[in-house]
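Undergrad: Just so you know, the sequence shown maps onto residues 0 to 253 in numbering that gives the first Met the number 0.
Before I ask anything, here is the structure I am working with.
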Amino acid sequence: MPRPKLLIYGVASVDGRLTLAPDVLLLFGDERWSALAKPSGIYEQILAEYKPQAWIEGSNSFVTADHTPDPLPPADDDPAELHQDFLPAGVVERSAPKGWFTVVDSRGRVRWYYTGEPGKEAPGSGGEHLLVFVTRRTPVEYLAYLRRENVPYLLAGDEQVDLPLALEKLRTQLGVERLISTSPGILGGALLRAGLVDEFHLEIFPAVIGGTWTPSLFAAPDLGPGEWPARLKLLSAQAQGGGHLWLRYEVVHE
Ligand SMILES: NC(=O)c1ccc[n+]([C@@H]2O[C@H](COP(=O)([O-])OP(=O)(O)OC[C@H]3O[C@@H](n4cnc5c(N)ncnc54)[C@H](OP(=O)(O)O)[C@@H]3O)[C@@H](O)[C@H]2O)c1
Numbered sequence: 000m001p002r003p004k005l006l007i008y009g010v011a012s013v014d015g016r017l018t019l020a021p022d023v024l025l026l027f028g029d030e031r032w033s034a035l036a037k038p039s040g041i042y043e044q045i046l047a048e049y050k051p052q053a054w055i056e057g058s059n060s061f062v063t064a065d066h067t068p069d070p071l072p073p074a075d076d077d078p079a080e081l082h083q084d085f086l087p088a089g090v091v092e093r094s095a096p097k098g099w100f101t102v103v104d105s106r107g108r109v110r111w112y113y114t115g116e117p118g119k120e121a122p123g124s125g126g127e128h129l130l131v132f133v134t135r136r137t138p139v140e141y142l143a144y145l146r147r148e149n150v151p152y153l154l155a156g157d158e159q160v161d162l163p164l165a166l167e168k169l170r171t172q173l174g175v176e177r178l179i180s181t182s183p184g185i186l187g188g189a190l191l192r193a194g195l196v197d198e199f200h201l202e203i204f205p206a207v208i209g210g211t212w213t214p215s216l217f218a219a220p221d222l223g224p225g226e227w228p229a230r231l232k233l234l235s236a237q238a239q240g241g242g243h244l245w246l247r248y249e250v251v252h253e
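Right, dumping it as C-alpha cells:
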C-alpha cells in the first residue's frame, strides 16, 4: 500500500512526559514548560532537512481528552454526500505546494479558527491548509460544519480513523511523500503499532515531571503475550545546549 514516509518528532522530559499534567495543552502555553523545555532549534533543523509536505496531529493537542464540544446546527446536506471525501479543487490547487496540516478527529471535537483559508492562516505557519481525517461515526453536523468552513476532509474507516488508509489517501490523493507528526503520545502510539512510522526524533530536556495520567510517549494498549515492542536503530545522538539530547532513531520494519 503506498504511503508517505513518516517521521515523528517529540519533546519529552527524561521520564517521557509530553506535558505537565493531563489538562495542560501546550498549544496555549505554560510558563513551566517554556522555562524547562526552552526551544533548542532542533525542530527547525528537522524541518529544514526533512522538508515535510504534511503534518498529522492528534485532536488532544487542541482540546483536552474529556472535552465536550459545543453543539453545531443540524446538517441540511444529504448524509450520503457528507460521507464522501471533501477536497475542493481550489483549495487543493492553492494548498498542495504549501503543505497540509492534518488532524485526526473522528469524534468531531475541534472547532477551528485557523483553517488555512486566505485571512485564516495560523500566525507563523508556512501557509499549510487544515485537513481533517474523519470516519463514518463522525457526526454529520461536524462534516457539514467543515464544508461550510471550506476545510477539506478525508474519510478513513468506521470508528477510529483507519491510519493506514489515511496515509494511503494522503499519498495517492494529495501526493504527500514526506509526512511529519509532532504528536508522539497516543496518536504516535497508534501510528507506531500500525507499522507506519519510519523515523523517530526525540528531544529530551533535563527534567522529570512524573504523574499517573500525564500524557507520555507512545501511549498505547498494553502489549499482549505474543506482541513485540517496536525495534529501533539509533541513527545519531547529540547533546545540545541547555542539556537537551537529540536522539534520532530509525524504526526497524521486519
Ligand atoms: N511534548 C510534545 O512533543 C507534545 C507534542 C504534542 C502534544 N503534546 C501534548 O500532549 C497532549 C496530547 O497528547 P495525547 O497523547 O493525550 O493525545 P494525542 O497524541 O493527540 O492522541 C489522541 C489522538 O489519537 C487518535 N487516536 C487514538 N487512538 C487511535 C487509534 N487506535 N487509531 C486512530 N487514531 C487514534 C485520536 O483520535 P480521535 O480524536 O478520532 O478519537 C486523537 O486524535 C497535550 O497535552 C499536548 O499539549 C506534547
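Ideal Cβ placement from N, Cα and C applies to all residues, glycine included.
Give every residue of the same chain whose Cβ lies closer than 7 Å to the Cβ of A189, excluding the five residues on either side of it in the sequence, and list them in chain order.
TA: Locating residue 189 in the sequence shown gives position 190, where the first residue counts as 1. These residues qualify, in order along the chain: L162, A219.
Undergrad: Taking a contact to mean a Cβ-Cβ separation below 7 Å, would you say Y49 touches T181 in this structure?
TA: Sequence index remark: in the sequence shown, residue 49 carries index 50 (1-based). Sequence index remark: in the sequence shown, residue 181 carries index 182 (1-based). No, Cβ-Cβ distance for Y49 and T181 is not below 7 Å.
Undergrad: Could you check whether the Cβ of S39 sits closer than 6 Å to any heavy atom belonging to ligand 1?
TA: Here the question's residue 39 lines up with position 40 in the sequence shown. False, no ligand heavy atom lies under 6 Å from that Cβ.
Undergrad: Measure the CB-CB distance between R2 and T213 and report whether it falls below 7 Å.
TA: By one-based count along the sequence shown, residue 2 stands at place 3. By one-based count along the sequence shown, residue 213 stands at place 214. Going by C-beta atoms, R2 is not nearer than 7 Å to T213.
Undergrad: Grouping DSSP H, G and I as helix and E and B as strand, with all else coil, what is L169?
TA: Numbered from its first residue, the sequence shown carries residue 169 at position 170. DSSP places L169 within a helical segment (H, G or I) once states are collapsed to three.
Undergrad: Taking the alpha-carbon positions, what's the R136 to D157 distance?
TA: In the sequence shown, residue 136 corresponds to position 137, counting from 1. In the sequence shown, residue 157 corresponds to position 158, counting from 1. Rounded to the nearest angstrom, the two C-alpha atoms are 6 Å apart.
Undergrad: What do you get for A193, buried or exposed, if any count of 16 or more other CB atoms within 10 angstroms of its CB means buried?
TA: In the sequence shown, residue 193 corresponds to position 194, counting from 1. Looking at its Cβ environment, which holds fewer than 16 other Cβ atoms inside 10 Å, A193 is exposed.
Undergrad: If you draw a straight line from the C-alpha of S105 to the C-alpha of L186, how long is it?
TA: As a working mapping, residue 105 is identified with position 106 in the sequence shown. As a working mapping, residue 186 is identified with position 187 in the sequence shown. About 12 Å.
Undergrad: Roughly how many angstroms separate the alpha carbons of A34 and T114, rounded to a whole number?
TA: Within the sequence shown, the letter at position 35 stands for residue 34. Within the sequence shown, the letter at position 115 stands for residue 114. Those two C-alpha atoms are separated by around 30 Å.
Undergrad: Please tell me whether, using a cut-off of 6 Å, the distance from the CB of A155 to the nearest non-hydrogen atom of ligand 1 is below it.
TA: Looking up residue 155 in the sequence shown gives position 156. Not under cutoff, so the answer is no.
Undergrad: For P117 and S12, what's the separation of their Cα atoms in angstroms?
TA: Counting from one through the sequence shown, the residue named residue 117 turns up at place 118. Counting from one through the sequence shown, the residue named residue 12 turns up at place 13. Straight-line Cα distance between these residues: approximately 37 Å.
Undergrad: Do F132 and V160 come within 7 Å of each other at the CB atom, strictly closer than that value?
TA: As a position in the sequence shown, residue 160 is number 161, starting the count at 1. As a position in the sequence shown, residue 132 is number 133, starting the count at 1. The answer is yes: Cβ separation under 7 Å.
Undergrad: Below 8 Å on the Cβ atoms is my guess for A88 versus L81; work out the distance and round it to an integer in Å.
TA: Position 89 of the sequence shown, counting from 1, holds the residue named residue 88. Position 82 of the sequence shown, counting from 1, holds the residue named residue 81. A88 to L81, Cβ: 18 Å. No contact.
Undergrad: At what residues does the alpha helix (DSSP H) containing S94 begin and finish?
TA: Numbered from its first residue, the sequence shown carries residue 94 at position 95. Looking at the DSSP string, the run of the alpha helix (DSSP H) that includes S94 is 88-94.
Undergrad: For A219, does the three-state DSSP call read helix, strand or coil?
TA: Counting from 1 along the sequence shown, the entry for residue 219 is found at position 220. In the structure shown, A219 sits in coil (DSSP, three-state: anything other than H, G, I, E or B).
Undergrad: Cβ of L5 within 7 Å of Cβ of D221?
TA: Within the sequence shown, the letter at position 6 stands for residue 5. Within the sequence shown, the letter at position 222 stands for residue 221. No, Cβ-Cβ distance for L5 and D221 is not below 7 Å.
Undergrad: Using CA atoms only, rank isn't needed, just tell me which of E167, H128, A47 is closest to V91.
TA: Within the sequence shown, the letter at position 92 stands for residue 91. Check the Cα spacing between V91 and each of E167, H128, A47: the tightest is with H128.
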